[in-house]
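> Provided herewith is a single structure, encoded as C-alpha cells, for subsequent inquiry.
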Amino acid sequence: MNDSRKMLDVGNILADTPAQLPEELTTALLQNDKVQIQRIVSRGHASREGEWYDQAQDEWVILLRGKAVLEFAGQTALTTLVEGDYLLIPAHCRHRVHWTDPDIDSIWLAVHF
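Residue numbering for the sequence shown follows my numbering, beginning at 14 and increasing consecutively.
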C-alpha cells in the first residue's frame, strides 16, 4: 500500500499555541498570488482604540475555538462570534477586533482572496 500522506506536510491548526502570548500570533499557512491563508491566535487581544483594518482583499474568517467580538465601521451593533461562526468581510469594509476571550485561545482561520 502506497502511503502518500508521508509526502504531505500535515499540521494541526489547534496545536502549538505558546504559553505566553503578549501579542496576537499570526501564522501564514499558505500564500500565493491569489490567496493567503492564516492562523490567528488571540488571547484577550483587541485592536487598539481607533485602529481599523481596511484590507484590499476580501477576507473569509472562521472562529475555530474561543469567543470574539468584531466591530464594523458605520454599524452600532457589535458582532459576536462563537466557535464555528464564520463570515465574509468584503474588501475595504473597515473593521476591528473589539474583544477576545482572555481566558481561552481564540483560534481563527482567515482566508484572504
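Backbone N, C-alpha and C fix where the C-beta goes; we use that ideal spot for every residue, glycine too.
Do you know offhand how far Glu37's Cα is from Ile53's?
7 angstroms
> Rounding to the nearest angstrom, what Cα-Cα distance links Asn45 and Phe126 in this structure?
When the Cα atoms are used, Asn45 and Phe126 turn out to be separated by approximately 10 angstroms.
> Let me check understanding here. Comparing Cα to Cα, which of Met20, Arg61, Val124, Ala86 lies closest to Arg107?
Ala86
> Rounding to the nearest angstrom, what Cα-Cα distance links Asp98 and Val124 in this structure?
14 angstroms
> In angstroms with no decimal places, state the Cα-to-Cα distance between Thr60 and Glu96.
At residue 60 the sequence reads Ser, which differs from the Thr that was named. Cα to Cα, the separation comes out at about 20 angstroms.
> Just to confirm the assignment, what range does the beta strand (DSSP E) spanning Trp73 have?
72-78
> Quick check on the DSSP output: what are the complete beta strand (DSSP E) runs of length 3 or more inside the segment 38-77, in order along the chain?
The segment 38-77 contains, as complete beta strand (DSSP E) runs of 3+ residues, the segments 38-44, 49-55 (chain order).
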